[in-house]
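Q: Input: one structure, supplied below.
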Amino acid sequence: MELNPLDDRIVIEPNVAEETTAGGIVLPDTAQEKPQSGTVIAVGPGRLLESGERCPVAVEVGDEVLYGKYGGTDIEVSGKEVKILRESDILAKIMK
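Numbering (numbering that gives the first Met the number 0), first residue to last: 0 to 95.
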């Protein structure tokens, strides 16, 4: 299944949560922190302005981004966990 987000929404595939600490201690699922970074896999056309024009989205497919810990909506698509966020929920784009 393919997602086509609307307006300024962005679909992100979150990075995998750390399963061990730096000291080698294995963390159970309940102690793992939710990832706050991921890869953009789909982008909407942008927010519709009052003039009828679209405001372009600042990220593109393939960009690595940081987002708020509790932002967005988690869903499962074709067996993969993805997150749908508004552009305003994205905190930064990771530059490599």
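Each residue gets a CB set at the ideal place from its N, CA and C atoms; glycine is no exception.
#1: Just the C-alpha distance for residue 110 and residue 39, rounded to the nearest angstrom, thanks.
#2: Could you check the C-alpha separation between residue 69 and residue 45 for me, to the nearest Å?
#3: Assuming residue 12 contacts residue 56 (C-beta within less than 8 Å), just tell me the rounded distance between them.
#4: Taking the alpha carbon of residue 75 as the reference point, which residue from 5, 64, 10 has its own alpha carbon closest?
#5: Cα separation between residue 58 and residue 42?
#6: On a Cα-Cα basis, can you pick out the residue from 80, 53, 61 that is closest to residue 5?
#7: Do you know whose CA, among 90, 80, 8, 22, lies nearest residue 65's CA?
A: To lay it out plainly:
#1: Residue coverage of the chain in this structure runs from 0 to 95, which leaves residue 110 outside it and unanswerable.
#2: Counting from one through the sequence shown, the residue named residue 69 turns up at place 70. Counting from one through the sequence shown, the residue named residue 45 turns up at place 46. Our two residues, residue 69 and residue 45, have alpha carbons roughly 22 Å apart in a direct line.
#3: The sequence position of residue 12 within the sequence shown is 13, counting from 1. The sequence position of residue 56 within the sequence shown is 57, counting from 1. Incorrect: roughly 17 Å between the Cβ atoms, too far for contact.
#4: In the sequence shown, the residue the question calls residue 75 occupies position 76. If we check each option's Cα against that of residue 75, 10 comes out closest.
#5: For the purposes of this step, residue 58 is taken as residue 59 along the sequence shown, with counting starting at 1. For the purposes of this step, residue 42 is taken as residue 43 along the sequence shown, with counting starting at 1. About 8 Å.
#6: Within the sequence shown, residue 5 is the residue found at index 6, counting from 1. If we check each option's Cα against that of residue 5, 53 comes out closest.
#7: Start at 1 with the first residue of the sequence shown, and residue 65 comes out as number 66. Comparing alpha carbon positions, the residue from 90, 80, 8, 22 closest to residue 65 is 90.
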